[in-house]
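Residue numbers (this note's numbering): 1302 to 1427.
By construction, the Cβ of each residue, glycine as well, lies at the ideal position given by its N, Cα and C atoms.
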Ligand SMILES: [Zn+2]
């Protein structure tokens, strides 16, 4: 069972939208981080708050960056083939799972194994 042209178009559309909004928010996080640093250079009293903010912005930026990489990977698989197949075991990923997380490269079984640390995340290793 492979994905038909119509769902392919729909997933592409959704992923492109996601990509645009992630690119936008990553940019914003970096921008805000820069502003926070500039402001805080004048006021060293709030050092704790500052490092908290910096860490928050950094974490958010990193998270969005990882998500963006997943979305880009999914778009590539849509174009070149392999979309909807688990990157670890090659199983067809369930339609419901793809509907909810069109960027996921893993089936639910492998995702759980990765989260439990039973297998290595091929995305993280690369
Ligand atoms: Zn799998």
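Judged by DSSP in its simplified three-state form, residue 1356 adopts helix. Taking the Cβ atoms as the reference, residue 1362 lies roughly 29 Å from residue 1385, outside the contact range of under 8 Å. When the alpha-carbon of residue 1413 is set against those of 1389, 1314, 1305 and 1310, the nearest one is in 1389. Shown here, residue 1332 sits in a helix according to DSSP, grouped into three states. When rounded, the separation of the alpha-carbon atoms in residue 1418 and residue 1313 is 31 Å. When C-alpha distances from residue 1337 are compared across 1321, 1355 and 1327, the shortest belongs to 1355.
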